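As they're listed, the protein sequences go chains E and Z. Our numbering puts the last residue of the first sequence at 431; the count rises by one with no breaks. Our numbering puts the last residue of the second sequence at 82; the count rises by one with no breaks. We put the CB at the ideal spot given by N, CA and C, even for glycine. Everything numeric in this text was worked out from a predicted model, so none of it was measured.
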Amino acid sequence: MSTAEQQRVASDAAANAHEGCALVTGASRGIGSAIARALAADGWPVAVNYRADHDAAQEVVARIDDAGGRALAVRADVTEQEQLERLFAQVEGELGRVLVLVNNAGVRADDLAISLTDSDWTRVIDTNLTGAFRATRRALGGMIRERFGRVINVASVVGPRANVGQSNYAAAKAGLIAMTKTIAVEVARRGVTVNAIAPGLIDTDMTAQLASSSKVGGELLRAVPARRAGRPDEVAACACFLASEAAGYVTGSTLYVDGGLAA
Amino acid sequence: MSTATSEEQIEKLVIESLETFGADPDLITREATFEALDIDSLDLAELSQIVHESYGVELKGSDVAEVKTVDDAVKLIAGRV
């Protein structure tokens with residue numbers, strides 16, 4: 169093995185050598201759950217944030233525990249600043265600095281723009297975009313002090329692409345990608361990377377509802393070059409890469425995990 | 002703790018932080034401007050973080066935006082501690 173290879177292996181082995189933890193918002197199910205479990209498998213203590221489904225979050229924690237990892241379920245609505253602050257205080261107190269932040273919490277409230285209500289517009293923007301911004305703002309201080317940090321924003325192929333009935337969701341997710349780029353540039357020289365993942369049609373509760381409740385889901389699936397929905401663990405694998413030391417030179421990017429949909 | 006001692010400690014913290022950010026130690030004086038030291042807004046944001054960790058004091062972005070010299074920073078922090 170060459171010296172460079174030895175150094176790379178040593179670097180990978182030390183991938184989670186930092187004194188800190190990973191926080192995944194909206195981690196009680198679907199993509200968030202898969203990312204939380206995968207990061208735990210990579211050695212990160214993981215805070216499993218959830219808003220409502222306590223039992224599902226505890227199930228994620230139990231699965232991580234069973235696999236030999238360390239996890240903590242923490243309830244907080246990311247749209248509420250006070251709850252977000254309490255979330256960080258609890259996580260920092262029990263697991264250490266948040267060095268990997270996965271902004272995954274998201275909601276949908278679909279309707280054609282012509283009839284979309286203000287409350288459905290605001291709810292989606294608040295959760296999917298503003299919540300991610302506030303969590304990122306809160307986490308960055310500790311990351312720049314550590315000279316290491318990974319912010320991973322779970323965006324969507326919807327945003328870069330149009331999707332009928334999702335003007336609110338598309339605006340939030342496109343905003344998330346734009347925010348990713350600017351914050352990445354702001355903190356790059358402190359060893360902190362900020363990237364987005366843009367999943368396409370992934371087999372989760374959220375998309376199952378989409379596919380069954382409208383013809384949009386079926387149309388999306390037919391448009392996927394891979395001709396299948398992706399799996400949450402395929403998204404999680406990308407998050408683990410972006411969280412790793414090996415991805416230290418990847419920042420401001422959007423990684424599409426969409427079976428070729430956006431290509 | 003006397004005010005003079007406190008300000009000395011704060012000056013030490015600020016100078017050590019500036020050196021960590023890459024400022025040339027030979028150029029750091031109380032009168033030196035952050036521009037001359039090549040200290041930018043991210044460095045000042047981190048200095049705020051260090052002050053928070055050290056003294057539990059929150060410096061707002063609008064406070065820090067007014068800070069132009071090492072002396073400004075020391076006096077701002079001393080006024081809040």
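Look at the alpha carbon of residue i and the alpha carbon of residue j, and state the distance between them as a whole number of angstroms.
{"i": "E:N321", "j": "E:A340", "result": "12 Å"}
{"i": "Z:V65", "j": "Z:I11", "result": "15 Å"}
{"i": "Z:E47", "j": "E:R390", "result": "49 Å"}
{"i": "E:F256", "j": "E:R306", "result": "8 Å"}
{"i": "E:A215", "j": "Z:G62", "result": "29 Å"}
{"i": "E:V259", "j": "Z:Y56", "result": "21 Å"}
{"i": "E:N248", "j": "E:R313", "result": "Correcting the residue type first, residue 248 of chain E is Glu in the shown sequence and not Asn. Looking at the two C-alpha atoms, the distance is approximately 26 Å."}
{"i": "E:V192", "j": "Z:L28", "result": "43 Å"}
{"i": "E:D221", "j": "E:I199", "result": "15 Å"}
{"i": "E:G211", "j": "E:R219", "result": "25 Å"}
{"i": "Z:F22", "j": "E:G333", "result": "48 Å"}
{"i": "E:A415", "j": "E:A356", "result": "13 Å"}
{"i": "E:S412", "j": "E:L267", "result": "11 Å"}
{"i": "E:V353", "j": "E:G309", "result": "15 Å"}
{"i": "E:D223", "j": "E:T285", "result": "31 Å"}
{"i": "E:G343", "j": "E:L252", "result": "20 Å"}
{"i": "Z:E59", "j": "Z:R81", "result": "9 Å"}
{"i": "E:R395", "j": "E:R254", "result": "43 Å"}
{"i": "Z:A37", "j": "E:M311", "result": "26 Å"}
{"i": "E:N229", "j": "E:D401", "result": "The residue you asked about is not Asn; residue 229 of chain E is Val in the sequence shown. Taking the straight line from one Cα to the other gives about 16 Å."}
Return the chain-ordered list of same chain residues with a C-beta closer than 6 Å to the C-beta of residue i, the five sequence neighbours on each side being excluded.
{"i": "E:K349", "result": "G420"}
{"i": "E:E187", "result": "G264"}
{"i": "E:P213", "result": "C189, R238, L263"}
{"i": "E:G406", "result": "It is Cys, not Gly, that sits at residue 406 of chain E in the sequence shown. These residues qualify, in order along the chain: I365, L423, V425."}
{"i": "E:A225", "result": "S196, V216, Y218, A241"}
{"i": "E:A206", "result": "A404, C408"}
{"i": "Z:D25", "result": "none"}
{"i": "E:I293", "result": "A340"}
At which residues does the alpha helix (DSSP H) containing residue i begin and terminate?
{"i": "Z:Y56", "result": "42 to 56"}
{"i": "E:L252", "result": "249 to 263"}
{"i": "E:T290", "result": "286 to 293"}
{"i": "E:A224", "result": "222 to 234"}
{"i": "E:A208", "result": "198 to 209"}
{"i": "E:V319", "result": "Looking at the DSSP string, E:V319 is not in any alpha helix (DSSP H); the run it does join, the beta strand (DSSP E), is 317 to 322."}
{"i": "E:T304", "result": "299 to 314"}
{"i": "E:V353", "result": "335 to 355"}
{"i": "Z:D39", "result": "Element bounds for Z:D39: n/a, residue is neither H nor E."}
{"i": "Z:D73", "result": "71 to 81"}
{"i": "Z:A66", "result": "62 to 66"}
Skipping 5 residues on each side, what residues in its chain have a beta carbon closer than 8 Å to that of residue i?
{"i": "Z:V68", "result": "F35, L45, A74, L77"}
{"i": "Z:E32", "result": "T70, V71, D72"}
{"i": "E:L410", "result": "R318, I320, T361, N363, I365, V418, L423"}
{"i": "E:A431", "result": "P393, Y424"}
{"i": "E:G398", "result": "P367, G368, L369, I370, D371, V425, D426, G427"}
{"i": "Z:V15", "result": "L48, V71, A74, V75, I78"}
{"i": "E:R302", "result": "V246, Q249, L252"}
Please look up how many angstroms separate the CB atoms of residue i and residue j, rounded, as I've assumed it's under 8 Å.
{"i": "E:S335", "j": "E:A281", "result": "4 Å"}
{"i": "E:G368", "j": "E:L429", "result": "4 Å"}
{"i": "Z:A1", "j": "Z:E8", "result": "The first residue shown for chain Z is 2 and the last is 82, placing residue 1 of chain Z beyond what the model contains."}
{"i": "E:V246", "j": "E:T290", "result": "That belief does not hold up - the Cβ atoms of E:V246 and E:T290 are roughly 14 Å apart, past 8 Å."}
{"i": "E:I232", "j": "E:A208", "result": "4 Å"}
{"i": "E:G194", "j": "E:A273", "result": "3 Å"}
Short of 7 Å in beta carbon distance, which residues of its chain neighbour residue i, apart from the five on each side in sequence? Order them along the chain.
{"i": "E:D288", "result": "A277, D279, N336"}
{"i": "Z:S18", "result": "L48, I51"}
{"i": "E:R433", "result": "This structure does not reach residue 433 of chain E, given that chain E is present from 169 up to 431, and the question cannot be answered."}
{"i": "E:T304", "result": "L269, N271, V319, I351"}
{"i": "E:A323", "result": "K341, L344, I345, A364, I365, A366, T422"}
{"i": "E:D373", "result": "R197, G198"}
{"i": "Z:H53", "result": "E59"}
Taking residue i as part of the beta strand (DSSP E), name the residues at either end of that continuous run.
{"i": "E:A414", "result": "Neither: E:A414 is in no beta strand (DSSP E) and is coded neither H nor E."}
{"i": "E:G188", "result": "188 to 192"}
{"i": "E:A430", "result": "Neither: E:A430 is in no beta strand (DSSP E) and is coded neither H nor E."}
{"i": "E:T361", "result": "360 to 367"}
{"i": "E:T422", "result": "422 to 425"}
{"i": "E:R243", "result": "239 to 243"}
{"i": "E:A215", "result": "214 to 218"}
What I want to know is whether the C-beta of residue i ends up closer than 7 Å to one or more non-hydrogen atoms of the ligand COA.
{"i": "E:T298", "result": "Among the ligands in the structure shown, none appear at all, so the ligand COA cannot be discussed."}
Checklist entry - In the stretch 39 to 70 of chain Z, which residues sit with their C-beta less than 7 Å from some C-beta in chain E, listed in chain order? => result L43, E47, Q50
Next on the checklist: Taking beta-carbon pairs under 9 Å, can you tell me which members of the stretch 342 to 368 of chain E lie near chain Z?
Outcome noted: E354, V355, R357, R358
Checklist entry - Just by C-beta distance, which residues in the stretch 304 to 316 of chain E are closer than 9 Å to chain Z? => result L308, G309, G310, I312, R313
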